[in-house]
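Have a look at the structure below before the remarks.
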Amino acid sequence: MVGSTSDSHSRDLTRQQNESDILLAPLDSLRGIGPAISRRLTRIGLSTVGDLLHHFPSRHEDLVVHGSIRDVSDGERRSVYGRVEQEPQWIASGRGRWETVLTPTEEPHLEIILQWFHSRRFRPSIAVGWQGWVTGPIRQFRNPVMAHPALAKTDQMEPIPVGHGQIVAVYPATEGVSQDLLRRSIQQILDHEELDLDHEPPTIIGASRSLLAIYSGFHRPASAAECETCRALLARIEMYLHALRQVRTRAARQARKVEPIVVSREVEERILARFPYSLTDAQRQVIDEIRHDLAAGFPMARLVQGDVGSGKTALAIWALLAVTAVGRQGALIAPTTALAEQHRDTLQNYLSGSRVQVALMMAGSPTQQRQEVASGQASIVVGTHALLSQSTQFADLALVVVDEEQRFGVQQRQELAKKGDDVHRLHLSATPIPRSLALAVRGDFDLSRVAERPPGRPPIRTRRVDSDKFDDAIQFLEKEVDSGNRVLFVVPRIEDGDGDDPIGVEQLADRLTNTSLGRVGISSLHGRLSMVERETRMKAFRNGQNPVLVATSIVEVGLDVPELTVLWIESAERFGLAQLHQLRGRVGRSERPSWCFFTAGQSTPESQQRLQAFVEEDDGFLLAERDLMLRGGGDTEGARQSGPSGFRIARPLEDLPAFWALSEAAAARLEESGDCPEGPQLGRLSRYLGPR
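Note that the numbering used here has the sequence shown beginning at 3, numbered continuously upward.
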């Protein structure tokens, strides 16, 4: 606690800040955090006092004994205050252990056996007359037993020391940093006189307590009710800051003026004539929305969500051809080289016989190619991160399309948009999340959804296969290959693990080679191969030279092979539900019947539920909702320190109604007064709780 720190140390912490915010002080200004601990915390993104204050608990643990010690369930962790009544004794039986007896102050008729399973040389630092708190799992035998308890020596029960006798925060594990150190350091911050969080948040938050009380009530709650109340208030603050950013961003974007891009009926017909298939009603609806955005007179910012295989790429192609029809440039950025090349090939096929030039920009692209982009000779530019480099300049960039946008950081997306004045932005995402959540997380974007798959594609049949049925399945896979189809195996790791760890890529490829399937071409694919080797093996898989491919999840994005009809996932419990669905989307891209088989090793009840959902549901949006339900929508993992929902504290399933109210209030205030300030206190916290 700061109250117990020396005056000189407190002065050091304050002096370092002078007129600056105390939250910006480096972590090593806190007592107990030296250079080594500071470096470990920096590796997980914690470098300042404010960062650590916002390192929220993943859960809370109630260490209070409610009732009698005998009522505690076997193995539950609890804290007991008492006095040691005998010297530790060495018990030689079994593994050998040190043992002593603690008499609980509040239940003096009981005796708790304290045990330490150490070498005889390591006598516990406790003696007759020792008084204080012990914390650990209680085993219910003839006498309650607590092994390897955490100790806190104190002559009085109160004040209760950090980590004992109360509801305590449990923080995400950090190698080399103990829970006790995290708790003491955060308490040190909360107790610091210069923290300046004594004010109440704006009335819109609905809090009748100060910001300091809210943070304290979540990091060190006095009760479960206080913990949830303070979590909910932090969630409201977080959502309000998100809503403010979205309202301001949207208003600023709509205030900027750009030259409208009008797509005439004639141009529309020419564009659609280049598509080798008819568009679905869902695709046509999104195209109408994009057309409206381009003609609106201010920059478009539209996020298109679509399940795997729903035809999002067609929308990107339509938009790119629309801007080139008026003599301007469009860029499409993809997360992988393979996907960028695939998009380039698709565009060139669509533009066969056209004068529109498509350029592929990768790391190491020749200077001449860059000059063609800078001069405007290349109307459409497809690439990877190379498009973000300063050496890539455009003549008249009007549209940026970001494919698989969930794989790019916010800063990366913004860097590409900066390459042209007020460019239109069209982002494509194959990670479906419920519409209400998408609007909350990405409210600065307009949202479109492609919820309809192209006609004629049969559903993918998903089945779990027992490991001992592997040899039987080989016969089925042989028939698929003999029919001209492709088979893809996906494993979670490159190399074999130990014990129950899953098989590796090369080992599974060798195993398949030694079966009857070995008469066909089998190859492997993973991230340790060179780019050239990866491209060579992928080409051999596409053209059927090697119709069986064993890979890591590197194939999750950008693999579009119509002949691929069977996906086999090893150790599926090692993958998340969204990732499993993305992998399943690699099959079923034609009218051929398709299957997804998977094996699973030892699984937790949670992973069993996840896999059952994977079998039962093939709609990505419905699956996303089930995923949120299974994960509790945000289990304070406070949660997950910024999980898929984009929020750190707010729980998508529980807190979204509050978000809409806060968003409407922020928008009304902005419209009424032209500004919507968060106030000086929330302004300080926006760097931690606001959108990233």
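In this text, a Cβ means the ideal position worked out from N, Cα and C, and glycines have one as well.
- DSSP, reduced to helix, strand and coil, places G138 within a strand of the structure shown.
- Here L519 is near E480, since their CB atoms are less than 8 Å apart.
- Counting only runs of 4 or more residues that sit fully inside the region 21 to 70, the alpha helix (DSSP H) segments are 37 to 44 and 51 to 55, in chain order.
- Listed in chain order, the non-local C-beta contacts of V552 below 6 Å within the same chain comprise F491, V507, L510, A511 and S526, local neighbours out to five positions each way being set aside.
- Within the model, the alpha-carbon separation for V404 versus D446 is close to 16 Å.
- DSSP, reduced to helix, strand and coil, places L401 within a strand of the structure shown.
- Contact between the region 58 to 68 and the region 221 to 235 is established, with three or more Cβ pairs separated by less than 8 Å.
- Taking a C-beta distance under 8 Å as the contact criterion, L26 and I35 do not qualify as a contact pair.
- Taking a C-beta distance under 8 Å as the contact criterion, L317 and V306 qualify as a contact pair.
- Cα atoms of Y242 and P693: separation of roughly 10 Å, rounded to the nearest angstrom.
- For H294, the enclosing alpha helix (DSSP H) stretches over residues D283 to L296.
- Taking a C-beta distance under 8 Å as the contact criterion, L399 and A453 do not qualify as a contact pair.
- With 16 or more other CB atoms across the displayed protein chains lying within 10 angstroms of its CB, N487 is buried.
- Taking the Cα of Q547 as reference, the smallest distance to any Cα among R576, D484, E558 and G578 is reached at D484.
- Here the alpha carbon of I39 sits roughly 20 Å from the alpha carbon of L192.
- In this chain, the alpha helix (DSSP H) harbouring W320 covers K314 to T326.
- Between L184 and H201 the beta-carbon gap is near 26 Å, outside 8 Å, which marks them as no contact.
- According to the DSSP assignment, D448 belongs to the beta strand (DSSP E) that extends over D448 to V452.
- Under a 10 Å Cβ-count criterion, Y217 is classified as buried, with 16 or more other Cβ atoms of the shown protein chains found around its own Cβ.
- The Cβ atoms of I207 and I239 lie closer than 8 Å to each other.
- When beta bridges are read from the DSSP output, W662 appears opposite no residue.
- For K155, the uninterrupted beta strand (DSSP E) segment begins and ends at A152 to K155.
- Pairing L632 with Q611 gives a Cβ-Cβ distance under 8 Å.
- Relative to the Cα of D473, the nearest Cα in the group W92, N516 and P504 belongs to N516.
- Straight through space, the alpha carbons of K541 and A340 are spaced by roughly 10 Å.
- In this structure, DSSP gives Y173 a state outside helix and strand, which the three-state scheme calls coil.
- For H221, the enclosing alpha helix (DSSP H) starts and ends at L213 to H221.
- In this structure, S573 places its C-beta atom within 8 Å of the C-beta atom of T601.
- Note that the region 130 to 144 touches the region 74 to 89; at least 3 beta-carbon pairs, one per stretch, sit closer than 8 Å.
- For the alpha helix (DSSP H) assignment, the uninterrupted runs of no fewer than 4 residues enclosed by the region 486 to 558 are, from N- to C-terminal side, 507 to 515 and 533 to 544.
- In this structure V383 does not touch A669 by the C-beta definition: roughly 36 Å separates them, more than the 8 Å allowed.
- According to the DSSP assignment, S431 belongs to the beta strand (DSSP E) that extends over H426 to S431.
- Straight-line measurement puts the Cα of C598 at about 49 Å from the Cα of P151.
- Here the region 457 to 469 does not lie against the region 528 to 539, with fewer than 3 beta-carbon pairs under 8 Å apart.
- Note that the C-beta distance between H62 and A227 is not below 8 Å.
- DSSP places S81 in the strand class (E or B) of the three-state scheme.
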